[in-house]
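> Pasting in a structure now, in structure tokens, and then I'll have a few things to ask.
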Amino acid sequence: MEKTLRTTHHSPLTNHQQPITSHHSPVTTHQYTIFKKVDTLVWIAALFAGLWLMGVGLNTQLYVGDEVFHYRLAKAIYAGPWRPLYDPLIHSSGIAKFDYVNAMLWHTLLAILWKLTGVSFAVAQAYQAGYYVLLVVGTYLLAKTLYDRKMGLVAAMIVATVPMMVSFSVLFYMDIPVTALSVFCLFLIAKRRYRWAGAFLGLAFLTKRNAYLLAPGFTFLAVYFGNPGWKERVKRGLSFLVPLGGIVLPEFCFRYYKFGTLTGFTEIEPIYPNPPLDRNWLVAGAGNPLSWVQYFGIVLLLLMVVYVVRRAYSKRDLFLWISVAGYVFFYLISFRGWYDVRYLAPVTPFVAVLAAKGWAGLRSRYVKGVLLGIGLLQFGAVSYYVYVHRQIPPAVQEGFEYIRAHTTEDERIMYPEVNLAEWTGRPMMWRSRISLVELPYLFWKADAEEAGRILNRYGIGYILVQKSRIYDDSKAHHLGGYPQSFVKKLPAFPFLKLVFENEALSLWRMDEKAKTKKGREDEVRFRLKSTLP
Numbered sequence: 002m003e004k005t006l007r008t009t010h011h012s013p014l015t016n017h018q019q020p021i022t023s024h025h026s027p028v029t030t031h032q033y034t035i036f037k038k039v040d041t042l043v044w045i046a047a048l049f050a051g052l053w054l055m056g057v058g059l060n061t062q063l064y065v066g067d068e069v070f071h072y073r074l075a076k077a078i079y080a081g082p083w084r085p086l087y088d089p090l091i092h093s094s095g096i097a098k099f100d101y102v103n104a105m106l107w108h109t110l111l112a113i114l115w116k117l118t119g120v121s122f123a124v125a126q127a128y129q130a131g132y133y134v135l136l137v138v139g140t141y142l143l144a145k146t147l148y149d150r151k152m153g154l155v156a157a158m159i160v161a162t163v164p165m166m167v168s169f170s171v172l173f174y175m176d177i178p179v180t181a182l183s184v185f186c187l188f189l190i191a192k193r194r195y196r197w198a199g200a201f202l203g204l205a206f207l208t209k210r211n212a213y214l215l216a217p218g219f220t221f222l223a224v225y226f227g228n229p230g231w232k233e234r235v236k237r238g239l240s241f242l243v244p245l246g247g248i249v250l251p252e253f254c255f256r257y258y259k260f261g262t263l264t265g266f267t268e269i270e271p272i273y274p275n276p277p278l279d280r281n282w283l284v285a286g287a288g289n290p291l292s293w294v295q296y297f298g299i300v301l302l303l304l305m306v307v308y309v310v311r312r313a314y315s316k317r318d319l320f321l322w323i324s325v326a327g328y329v330f331f332y333l334i335s336f337r338g339w340y341d342v343r344y345l346a347p348v349t350p351f352v353a354v355l356a357a358k359g360w361a362g363l364r365s366r367y368v369k370g371v372l373l374g375i376g377l378l379q380f381g382a383v384s385y386y387v388y389v390h391r392q393i394p395p396a397v398q399e400g401f402e403y404i405r406a407h408t409t410e411d412e413r414i415m416y417p418e419v420n421l422a423e424w425t426g427r428p429m430m431w432r433s434r435i436s437l438v439e440l441p442y443l444f445w446k447a448d449a450e451e452a453g454r455i456l457n458r459y460g461i462g463y464i465l466v467q468k469s470r471i472y473d474d475s476k477a478h479h480l481g482g483y484p485q486s487f488v489k490k491l492p493a494f495p496f497l498k499l500v501f502e503n504e505a506l507s508l509w510r511m512d513e514k515a516k517t518k519k520g521r522e523d524e525v526r527f528r529l530k531s532t533l534p
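Using my numbering, read the sequence shown as starting at 2 and increasing by one per residue.
Written out as structure tokens, the structure reads:
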């Protein structure tokens, strides 16, 4: 039996020497060839999964949540000017505008692609799937750099089947692009490529604002990890922070100059004091255990349990734990109770790498096979779920067609979903702090006269009720849908008339005689404090 020669090399994270197998041994050459094939398999698997998700998206319609907002913003950049200030069809009225203070890198790059191809839903779908491929490959590279190629393969498999990663790679949510950029940033820190790492974090800043929460942990790792001398720390810090600042400072200056703020929105004073709300209502709140299963999946959570129970952790894991803990700490103090699970997406690949160590701790091939099967099942089930729910129901389509045929283009409609603006071309308004800030009072306190005054203030001519969003508000009050008590009051308002109804929607029209003389604009004593024209 041939002996395998061994040599040493320096880890990218420490100065400790680690044994590796010499490439001169016949056995080693064979292993090296296998690892090369694994690298290829990662690319093939990631591309195949990305194409699958793109295909799912192309057989659906633009409909779900914030993705419509992002798609419309990309179209606005494409049409020009390159930096639009607000969408006139979303939360905009005579006294308020929903400023575009959000990051715009995803939208700008898509608009540039459209300049080459023309505006196309297919191009947008392929573009979003491309970030999924980068996420899977980046997770592989991170795990391979910290541990070995086998760990990279397992970590890539885990993150590729996390339900949150699968669904948001079809939907146009910014969680996937910012997560892909965050994992490449940490990978570059591990490789001691601090300038490039700072640049990638800057791009993450320009993609989604929760990337700010990554900065403290990443900066600490870049400057201190490996216990370098103070001169080396200064050099690392400058190498990391100068590219970061160079990329983000122009963006911050633009926001402050145009909007007077870096992250928030301009607020206006409500007519009436608002009643208290249940601030903890979320689509997928972190306080709900089921949300963790729905978003992170069974495989990732089980392997993290194995990782802890079998004590698979090592000193090198601190590199990942510092990244996760730094983000989670600022997540807890920054979101102020709005703890949606999806905001944890940027650190999910780091947890997947740790979960891969749990996989390595399993001795049974049968158990590993079952977990692999569950992962594939998760991928398929989530794909199907998105395929089903990213379709406009026929009854909703019927309502949208009625609105297009029987309302004028300037009629503002009170409705909770942005898809109304995209599919009808009519302005919509809901619960933005800078638009219908009286919504809680309208729902639970207002009498007919007060309700009419609030609706007139924002020029609302219609109230569109989506019946699936009606909820029992006898125990909790929130703005995630229509309170049942408010819907029951609508027939009693003398200025409202039911003009359309089916099993999905009911449309109530404001009486023309009840509208203000100024024709659905603001009362002159209310002034918007804004730098917008």
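Glycine included, C-beta positions come from ideal geometry on N, C-alpha and C.
Just so you know, these numbers come straight off a predicted model, no measurement behind them.
1) Candidates 374, 312, 43, 60: which alpha carbon is nearest residue 388's?
2) If you draw a straight line from the C-alpha of residue 25 to the C-alpha of residue 146, how long is it?
3) Let me confirm a value: residue 409 is counted as buried when at least 16 other C-beta atoms fall within 10 Å, else exposed. Which label applies?
4) May I have the straight-line CA-CA distance separating residue 71 from residue 174, to the nearest angstrom?
5) So, at 8 Å on beta carbons, what are the nonlocal neighbours of residue 396 in its own chain, with the 5 sequence-adjacent residues on each side left out?
6) Along the chain, where does the beta strand (DSSP E) that runs through residue 506 open and close?
7) Among 233, 347, 342, which residue has its Cα nearest to the Cα of residue 292?
8) Please state whether DSSP places residue 501 in a helix, a strand or coil.
9) Could you check which residue in 511, 276, 57 has the C-alpha nearest to that of residue 171?
10) Taking the beta strand (DSSP E) that residue 413 belongs to, which residues open and close that run?
11) In terms of alpha-carbon separation, which member of 142, 309, 329, 210 lies closest to residue 252?
12) Does DSSP put residue 379 in a helix, a strand or coil?
13) Would residue 121 be called buried (16 or more neighbouring beta carbons within 10 Å of its own) or exposed?
14) Tell me whether residue 486 is buried or exposed, calling it buried when 16 or more other Cβ atoms sit within 10 Å of its Cβ.
15) Out of curiosity, what's the CA-to-CA distance linking residue 235 and residue 195?
16) Can you check whether the CB of residue 304 is closer than 9 Å to the CB of residue 382?
17) What does the alpha-carbon distance come out to for the pair residue 220 and residue 241?
18) Throw me the rounded Cβ distance for the residue 111 and residue 422 pair, which I believe falls under 8 Å.
19) Pairing CB atoms from the region 155-171 with CB atoms from the region 329-338, are three or more of them under 8 Å?
20) Between residue 445 and residue 276, is the Cβ-Cβ spacing less than 9 Å?
21) Ignore the nearest five residues each way along the sequence and tell me which others in residue 190's own chain have a CB closer than 6 Å to its CB.
22) Compare the beta carbon distance of residue 152 and residue 361 with 9 Å and say whether it is the shorter of the two.
23) DSSP beta-bridge partners for residue 465?
24) List in chain order: all unbroken alpha helix (DSSP H) runs of 4+ residues lying wholly within the region 119-163.
25) Using only the alpha-carbon positions, how far apart do residue 214 and residue 182 sit?
26) Can you tell which of 128, 269, 412, 425 has the C-alpha that lies nearest to the C-alpha of residue 402?
27) So the candidates are 462, 495, 113, 509; which of them puts its Cα closest to the Cα of residue 94?
28) Could you give the DSSP three-state label for residue 274: helix, strand or coil?
29) Using only the alpha-carbon positions, how far apart do residue 68 and residue 467 sit?
30) State yes or no: is the beta carbon of residue 82 nearer than 9 Å to at least one beta carbon in chain B?
31) DSSP state of residue 176, grouped into three classes?
32) Within 10 angstroms of its Cβ, does residue 23 collect 16 or more other Cβ (buried), or is it exposed?
33) Measure the beta-carbon distance from residue 384 to residue 53 and round it to whole angstroms, keeping in mind my assumption that it falls under 8 Å.
34) Do you know how far the Cα of residue 168 is from the Cα of residue 297?
35) Pick helix, strand or coil for residue 100, following the three-state DSSP scheme.
36) Which residues share a DSSP beta bridge with residue 471?
On the basis of the supplied data:
1) 60
2) A caution first: residue 25 carries a pLDDT of 35, below 50, which makes its placement in the model unreliable, though a value can still be read off. Going from the Cα of residue 25 to the Cα of residue 146 covers about 22 Å.
3) exposed
4) 8 Å
5) 503, 504, 505, 506
6) 506-511
7) 342
8) Residue 501 falls in the strand class under three-state DSSP.
9) 57
10) 413-415
11) 210
12) helix
13) exposed
14) Around the beta-carbon of residue 486, fewer than 16 other beta-carbon atoms lie within 10 Å, marking it exposed.
15) 12 Å
16) no
17) Residue 220 and residue 241 have their C-alpha atoms some 7 Å from each other.
18) Wrong, their Cβ atoms sit about 18 Å apart, outside the cutoff.
19) No, because fewer than three Cβ pairs between the region 155-171 and the region 329-338 fall closer than 8 Å, the two stretches do not touch.
20) yes
21) Listed in chain order, the non-local C-beta contacts of residue 190 below 6 Å within the same chain comprise 198, 222, 223, local neighbours out to five positions each way being set aside.
22) yes
23) 508
24) 122-147, 150-161
25) 14 Å
26) Of 128, 269, 412, 425, the residue nearest in Cα terms is 425.
27) Checking every option, the nearest Cα to that of residue 94 belongs to 462.
28) coil
29) 19 Å
30) Considering every chain present, this structure includes no chain B. It has just one protein chain.
31) helix
32) Note on residue 23: pLDDT 33, under 50, position unreliable in the model; the coordinate value appears next. Around the beta-carbon of residue 23, fewer than 16 other beta-carbon atoms lie within 10 Å, marking it exposed.
33) 7 Å
34) 11 Å
35) Looking at residue 100 - three-state DSSP - the assignment turns out to be strand.
36) 483
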